[in-house]
Amino acid sequence: MQSFGKDFFSLIPENLFSVFSRSLKEVYVDLLFLVYREYKKRIYTLSREHVIELFTEYLESMGELAWQVEEEGDWEDAAKSARERAFQLLRRLLDTGWLNLEPESDYTFRISIPDYAIVILEAMNKIRTGYRVEFKGRILSIYQNLTGSEWFSYIALQQAYESTRELIDGLKSLNHSIKNYTEKLLETEDVRAILSQIFDEYQTKVLGAQYYRLKTSEHISKYRIGILKRIREWNSNRAEIVNQAGIMVQEKRAPDRVTAENMLYEWVEYIESSFGQEMDRLLGEIDRRNARYARSAADRLRFKLHQGRGAGQHIFTVLAYLGQLAKGSGEKSLAPEEVARSIALFPQTVVDSQSLRKPPAARQAHNPQLLRVFSVPDEIRREKLFQFGSRVAEEVTVEQINNYVDSLLDEQDVCPLERVPLENRNQWVKLIYIILYSQSPGAGYRLEGKRGETVAIKGGTVEVPNLVIKRKEKKS
Numbered sequence: 082m083q084s085f086g087k088d089f090f091s092l093i094p095e096n097l098f099s100v101f102s103r104s105l106k107e108v109y110v111d112l113l114f115l116v117y118r119e120y121k122k123r124i125y126t127l128s129r130e131h132v133i134e135l136f137t138e139y140l141e142s143m144g145e146l147a148w149q150v151e152e153e154g155d156w157e158d159a160a161k162s163a164r165e166r167a168f169q170l171l172r173r174l175l176d177t178g179w180l181n182l183e184p185e186s187d188y189t190f191r192i193s194i195p196d197y198a199i200v201i202l203e204a205m206n207k208i209r210t211g212y213r214v215e216f217k218g219r220i221l222s223i224y225q226n227l228t229g230s231e232w233f234s235y236i237a238l239q240q241a242y243e244s245t246r247e248l249i250d251g252l253k254s255l256n257h258s259i260k261n262y263t264e265k266l267l268e269t270e271d272v273r274a275i276l277s278q279i280f281d282e283y284q285t286k287v288l289g290a291q292y293y294r295l296k297t298s299e300h301i302s303k304y305r306i307g308i309l310k311r312i313r314e315w316n317s318n319r320a321e322i323v324n325q326a327g328i329m330v331q332e333k334r335a336p337d338r339v340t341a342e343n344m345l346y347e348w349v350e351y352i353e354s355s356f357g358q359e360m361d362r363l364l365g366e367i368d369r370r371n372a373r374y375a376r377s378a379a380d381r382l383r384f385k386l387h388q389g390r391g392a393g394q395h396i397f398t399v400l401a402y403l404g405q406l407a408k409g410s411g412e413k414s415l416a417p418e419e420v421a422r423s424i425a426l427f428p429q430t431v432v433d434s435q436s437l438r439k440p441p442a443a444r445q446a447h448n449p450q451l452l453r454v455f456s457v458p459d460e461i462r463r464e465k466l467f468q469f470g471s472r473v474a475e476e477v478t479v480e481q482i483n484n485y486v487d488s489l490l491d492e493q494d495v496c497p498l499e500r501v502p503l504e505n506r507n508q509w510v511k512l513i514y515i516i517l518y519s520q521s522p523g524a525g526y527r528l529e530g531k532r533g534e535t536v537a538i539k540g541g542t543v544e545v546p547n548l549v550i551k552r553k554e555k556k557s
């Protein structure tokens with residue numbers, strides 16, 4: 082069996098984590114994050130003098146008592162100032178392997194962070210800040226890698242695979258975070274603390290707007306079909322798999338062609354399974370845990386609000402129990418004998434004047450009345466018929482537009498919209514009907530081209546859709 086622990090500790094110094102077991106562990110973490118923050122801002126390494134100034138300023142802000150705590154394995158000399166203690170703390174971080182000291186040609190020294198320490202500090206920073214994956218950005222990255230112009234390359238597939246792993250890991254982290262917050266909620270005693278956890282911590286840090294966008298306007302189904310379509314094209318194109326495997330071997334990304342092919346198929350399989358049933362199960366589990374948290378929060382809050390109210394609390398408990406029985410067995414069922422002996426219960430019905438439901442009223446017999454018939458004068462009748470006939474005459478039918486399009490196409494099969502004559506109001510109206518009727522089953526033509534693009538005509542004063550009228554083939 083492979084020893085992961087042995088492999089891990091062979092890559093890092095033996096006493097790397099010893100600073101976290103000392104009495105000044107919080108100070109060490111603060112100093113590491115000071116260097117990490119400065120290191121992220123700069124392209125080059127940091128000068129030792131600059132790091133000492135950062136450490137000194139931090140220690141002076143804490144006060145003398147905070148950094149003069151003695152540790153196991155005391156310092157060789159007691160520090161007389163914050164600057165001396167800054168040198169001692171820097172030496173401890175250098176000895177444990179968190180930082181590297183690099184000499185320069187001018188006899189100065191610079192500080193750098195090893196690669197393994199960068200990875201660990203990034204993970205610590207995400208834990209400290211409560212980092213959450215931006216699901217929308219990950220899904221969009223996967224979609225763009227698989228649908229872009231260079232999508233049939235192993236680099237695009239690898240980028241999509243890595244983004245998919247980050248997306249799934251982020252959703253799993255969210256799933257486990259809900260469980261942790263539910264357990265934390267059950268341990269909270271104060272009502273104000275319960276409300277703070279629900280609205281300040283859980284809604285903001287755990288779910289947040291990004292998850293709700295993922296479930297609503299930016300639902301994963303918006304991109305899933307396109308992603309799975311490209312992945313299945315990858316899976317079915319054996320020739321391109323072999324070609325990309327050869328490129329991976331040439332670029333030293335894999336030792337041989339067989340290993341490269343296995344990597345490509347592994348990436349394809351992982352993306353396909355992740356956006357299939359596994360994604361549905363994971364999102365379903367998150368929704369269930371979210372609903373469970375909401376129920377736990379309501380129950381915990383209700384319990385705390387009604388706790389310790391003497392006889393009133395007992396009555397509340399009994400009535401809540403009876404309400405559950407009435408909901409399950411019906412309102413007309415008898416109450417249990419043990420409850421009836423303790424509390425005198427009897428049915429009572431009243432009419433609530435504030436109720437939205439009106440009381441039932443007796444149906445009255447229908448008494449039909451004669452209707453008077455008014456005669457319409459001939460002049461008004463002719464006027465109304467003329468108006469109706471005018472409206473009918475102004476209507477433009479699909480058949481009329483088909484004839485107009487035939488006259489435009491003449492012997493040709495296509496005609497761009499920009500070439501349609503637009504010299505008067507009637508021609509503009511017909512252009513509008515050409516666009517509206519293009520989706521009609523009775524239309525003898527269709528519009529082709531990229532939707533949303535326009536083309537300028539009449540010297541740039543007017544824009545029309547950049548579409549082409551194409552005659553439909555007649556069915557034999």
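The numbering of the sequence shown is the working numbering, which starts it at 82 and goes up by one. Glycine residues also receive a C-beta, built at the ideal position from the N, C-alpha and C atoms.
Only counting the same chain, and skipping five residues up and downstream in sequence, which positions put a Cβ closer than 7 Å to that of residue i?
i    : result
V132 : V116, L171, I192
S91  : none
I220 : L248, I301, Y304
E203 : none
R173 : V100
G144 : none
Q325 : S234, Y235, L345
L175 : L182
F168 : I133
DSSP on residue i, reduced to helix/strand/coil?
i    : result
L105 : coil
G541 : coil
I550 : strand
Y526 : strand
S277 : helix
T535 : strand
L503 : coil
V339 : helix
S128 : strand
S519 : helix
N443 : One detail in the question is off: residue 443 reads as Ala in this sequence, not Asn. In this structure, A443 counts as coil in the three-state DSSP scheme.
E153 : Only weak support exists for where E153 lies, its pLDDT of 49 falling under 50; the value from the coordinates is given anyway. DSSP places E153 in coil when its eight states are reduced to three.
R453 : coil
W348 : helix
F467 : helix
E480 : helix
T210 : helix
T245 : helix
W179 : coil
F90  : helix
F136 : helix
D368 : helix
N261 : helix
G229 : coil
S377 : helix
F356 : coil
I199 : helix
Roughly how far, in whole angstroms, is the beta-carbon of residue i from the beta-carbon of residue j, given that I think they are within contact range, below 8 Å?
i    : j    : result
A527 : K551 : Looking at the sequence shown, residue 527 is not Ala but Arg. Their Cβ separation, rounded to whole angstroms, is 6 Å, which keeps R527 and K551 in contact under 8 Å.
L140 : R166 : 6 Å
T29  : G357 : With the chain running from 82 to 557 in the structure shown, residue 29 is simply not present.
V549 : V495 : 5 Å
A237 : E243 : A237 to E243, Cβ: 11 Å. No contact.
Sorted by chain position, which residues of the same chain lie with C-beta nearer than 6 Å to residue i's C-beta, five sequence neighbours on each side aside?
i    : result
L252 : L363
E153 : Residue placement at E153 is poorly supported in this model, since its pLDDT is 49, which falls under 50; the coordinates are not used for a value here.
V108 : none
H164 : It should be noted that the sequence gives Arg, not His, for residue 164. Hits under 6 Å: T137.
E534 : N547
What residues match up with residue i in a beta bridge as DSSP calls it?
i    : result
F190 : P184
P497 : V549
What residues in its chain sit with their C-beta under 8 Å from that of residue i, if we drop five residues either side in the sequence?
i    : result
Y374 : I259, Y262, T263, L266, Y283
V110 : F101, M205
Between residue i and chain D, is there a C-beta pair that is closer than 8 Å?
i    : result
E321 : Checking the listed chains, one finds no chain D in this structure; it contains a single protein chain.
Is the segment 127-143 touching the segment 172-190, taking contact as three or more C-beta pairs under 8 Å?
yes
For the pair the segment 334-350 and the segment 261-269, tell me if three or more CB-CB distances fall below 8 Å.
no
Is the segment 529-543 touching the segment 475-490 in the sense that three or more CB pairs, one from each, lie closer than 8 Å?
no
Checklist entry - Per the contact definition of three or more C-beta pairs closer than 8 Å, is the segment 221-232 in contact with the segment 318-336? => result no
(message) Under 8 Å, with one C-beta from each stretch per pair, do the segment 500-517 and the segment 457-474 reach the 3-pair mark?
(response) no
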